[in-house]
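Be aware that the sequence shown starts at 3, since it is given in this note's numbering, and climbs by one per residue. This report concerns only the one structure given below.
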Amino acid sequence: MNKLLLILILSITFLSSVLYADKDSNELKIYACGVTRVAFMKELNNGFSKKFNTKITMNEKGGDIFVLDGVHKKEADIGSGCRDIIKDDKNEKDLWSTQVAWGALSFIVNPKNKIDNISTENIKKILTGKITNWKELGGEDKPIHLIIRESKKSGIGLTARELLFQDRNIDFYKDAKKEKSSGFVRKAVAEDENAFAIDNIISSSKDKNIKLLKVDGVEATKENILSDKYKLRQALYFYLTDKPKDLAKKYIDFVLSKEGQSIISKTGTANLEEATGEGDEENLILQNLKFDVNTK
3 MNKLLLILIL
13 SITFLSSVLY
23 ADKDSNELKI
33 YACGVTRVAF
43 MKELNNGFSK
53 KFNTKITMNE
63 KGGDIFVLDG
73 VHKKEADIGS
83 GCRDIIKDDK
93 NEKDLWSTQV
103 AWGALSFIVN
113 PKNKIDNIST
123 ENIKKILTGK
133 ITNWKELGGE
143 DKPIHLIIRE
153 SKKSGIGLTA
163 RELLFQDRNI
173 DFYKDAKKEK
183 SSGFVRKAVA
193 EDENAFAIDN
203 IISSSKDKNI
213 KLLKVDGVEA
223 TKENILSDKY
233 KLRQALYFYL
243 TDKPKDLAKK
253 YIDFVLSKEG
263 QSIISKTGTA
273 NLEEATGEGD
283 EENLILQNLK
293 FDVNTK
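Given below as structure tokens:
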């Protein structure tokens, strides 16, 4: 009797472990930053779930730092964000990344502001405190209230430093107001007629309470972003803790496939296949090859 009971217990334990393993192998936990959550992540998750009968859970808040920390700690299987990994950061140096789409930095003001266009050079001067009054840009004689993200490692803050100054450690104007997330930045701009801030075109284009400025006379439209006419493009990425394998690899392959790229495009976000700027065709090939590894 005891021997039969032992066999029964072992059989149940083995069966449970198999069932549990199957469940785990068919579930993905994804962390996404505010930009990519709004842009295309829900649509990609729905498309992948239906095609491969997979359960996917995703965070409802948090930015790039939250995402990258979650991937580093293996709280998430995959991360999605709007900046590349920092190789000399101890929490990011061993992570993998691949670009999946294009966004762009946008520069926003309150709708009551009469300024419609700004030069790249004047953006840099505002960010470093060399221009502090709107009259210097042809506007009213009122102080510019610069609003920035708290962390230099935020996706928008880091990208702006790299694209505009080629220095990710440069300090912005010391009197700038600091906010924890882009959502708070947009809210602050909507409430302040003299505000100026950096955002991402994907987020800001959907907010009717703010105004987007042209940069050097060029609008941040999807067409201008894809052709690289709008020069402040922002690459959007996926992150993993290791070489992609199993379900995570299948997800990345799906995102970089024609089907996945089509889903991204239909959301209004610029995908890699549509990009026509110099070097974009080679970039798409690189991103596909980057994750073309054998599943372990």
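Quick reminder that beta carbons are idealized off the backbone N, C-alpha and C, glycines included.
Enclosing alpha helix (DSSP H) for residue i [first to last residue]
i, result
"I252", "For clarity, residue 252 is Lys in the given sequence; the question names Ile instead. Its alpha helix (DSSP H) spans residues 248 to 258."
"S206", "203 to 206"
"I110", "Run containing I110: none in the alpha helix (DSSP H); it sits in the beta strand (DSSP E), 98 to 111."
"V31", "As written in the sequence, residue 31 is Lys, which differs from the Val given in the question. Element bounds for K31: not the alpha helix (DSSP H) but the beta strand (DSSP E), 29 to 34."
"G279", "No alpha helix (DSSP H) contains G279, which DSSP labels as neither H nor E."
Outcome for residue i when other beta-carbon atoms lying within 10 angstroms are tallied against a minimum of 16
i, result
"I29", "Note on identity: in this sequence residue 29 is Glu, with Ile being the wrong assignment. With fewer than 16 Cβ atoms within 10 Å of its Cβ, E29 is classed as exposed."
"K182", "exposed"
"N202", "buried"
"G2", "Outside the shown range of the chain (3 to 298) lies residue 2, about which nothing can therefore be said."
"N171", "exposed"
"A23", "Since pLDDT at A23 reaches only 38, below the 50 mark, its modelled position is unreliable, and no value is offered."
"D244", "exposed"
"P246", "buried"
"I227", "buried"
Beta-carbon gap between residue i and residue j smaller than 8 Å
i, j, result
"K213", "V111", "yes"
"V187", "I146", "no"
"G159", "K224", "no"
"I117", "G141", "yes"
"G219", "K176", "no"
"V257", "L46", "yes"
"V73", "Y253", "no"
"S184", "I67", "no"
"E195", "N115", "yes"
Assigned secondary structure, residue i (DSSP; H/G/I helix, E/B strand, else coil)
i, result
"G262", "helix"
"K144", "coil"
"F198", "strand"
"K189", "helix"
"D26", "Confidence is the limiting factor: at D26 the pLDDT is only 48, short of 50, which leaves the residue's position unreliable and the question unanswerable from this model."
"K176", "coil"
"A137", "Here residue 137 turns out to be Lys, not Ala, going by the sequence shown. If DSSP states are grouped into helix, strand and coil, K137 belongs with the helices."
"L288", "helix"
"A272", "strand"
"T56", "coil"
"K216", "strand"
"E164", "helix"
"E94", "coil"
"N119", "strand"
"E181", "strand"
"R39", "helix"
Residue range of the beta strand (DSSP E) that includes residue i
i, result
"A222", "Careful: A222 lies outside any beta strand (DSSP E) and carries neither H nor E."
"A237", "235 to 242"
"I80", "80 to 83"
Taking 8 Å as the threshold, find out whether the segment 89 to 102 comes into contact with the segment 51 to 58 through three or more Cβ pairs. Contact between the segment 89 to 102 and the segment 51 to 58 is absent: fewer than three C-beta pairs spanning the two stretches fall below 8 Å.
I want to know whether the segment 37 to 52 touches the segment 81 to 90 - three or more CB-CB distances under 8 Å. Contact between the segment 37 to 52 and the segment 81 to 90 is present: three or more C-beta pairs spanning the two stretches fall below 8 Å.
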